[in-house]
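Numbering (my numbering), first residue to last: 6 to 122.
Heads up, the beta-carbon is just placed ideally off N, CA and C, and yes, glycines get one too.
Shown next, in structure tokens, is the structure this report addresses.
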Amino acid sequence: QVQLVESGGGLVQAGGSRRLFCAASGRTFSRYHMGWFRQAPGKEREFVAGISWSGTTSYAESAKGRFTISRENGKNMVDLQMNSLKPEDTAVYYCAAGSKWSIYDYWGQGTQVTVSS
6 QVQLVESGGG
16 LVQAGGSRRL
26 FCAASGRTFS
36 RYHMGWFRQA
46 PGKEREFVAG
56 ISWSGTTSYA
66 ESAKGRFTIS
76 RENGKNMVDL
86 QMNSLKPEDT
96 AVYYCAAGSK
106 WSIYDYWGQG
116 TQVTVSS
């Protein structure tokens, strides 16, 4: 069982940066693949970025070059650094964990990011 708690959301101006944090419980955090997803109003939840237990990363096209996912296994943390934010990045951002790549079993409650133009 893994519990995930996101933080770091808020209001930011277009072009600005924001760093999201996800704190995970459980002793086996280092064995999980981690991901960030987002859901905008009226839209389906979409993949943003993922990082394997070994550190391999994957990004959605919309995130490439602007977002960076990282993890600190010793601290049970996974971060999402978001730069050059756009109004279309406005969404609730969710942290997720899975025992298999691209299959996520556990989800956080989400943190709101609002980018103003």
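Ignore the nearest five residues each way along the sequence and tell me which others in residue i's own chain have a CB closer than 6 Å to its CB.
{"i": "S30", "result": "Q8"}
{"i": "V166", "result": "With the chain covering 6 to 122 only, the question about residue 166 has no answer from this structure."}
{"i": "V97", "result": "Q44, G115, Q117"}
{"i": "K48", "result": "none"}
How many angstroms separate the CA atom of residue i from the CA atom of residue j?
{"i": "V83", "j": "T95", "result": "20 Å"}
{"i": "F34", "j": "S122", "result": "37 Å"}
{"i": "N88", "j": "S67", "result": "12 Å"}
{"i": "L25", "j": "S75", "result": "11 Å"}
{"i": "G55", "j": "Q86", "result": "12 Å"}
{"i": "Y111", "j": "A28", "result": "12 Å"}
Which whole-angstrom value describes the C-beta separation of residue i and residue j, a residue pair presumed to lie in contact below a C-beta threshold of 8 Å?
{"i": "G103", "j": "Y37", "result": "6 Å"}
So residue i is in the beta strand (DSSP E); what residue range does that whole segment cover?
{"i": "T116", "result": "116–121"}
{"i": "R24", "result": "23–29"}
{"i": "G40", "result": "38–44"}
{"i": "Q6", "result": "Taken as a continuous stretch (DSSP letters only), Q6 belongs to no beta strand (DSSP E), as it is neither H nor E."}
{"i": "G15", "result": "15–18"}
Heavy atom of the ligand FAD less than 8 Å from the Cβ of residue i, yes or no?
{"i": "S12", "result": "As far as ligands go, the structure on display features none, and thus does not contain the ligand FAD."}
Cutting at 7 Å between CB atoms, please list the residues of its own chain near residue i, excluding the five before and the five after it.
{"i": "Q6", "result": "G31"}
{"i": "A19", "result": "L90, K91, P92, V120, S121, S122"}
*If you scan the segment 63–122 from start to end, which runs of the alpha helix (DSSP H) of 4 or more residues do you find wholly inside it?*
Those alpha helix (DSSP H) runs which fall completely within the segment 63–122 and span 4+ residues do not exist here.
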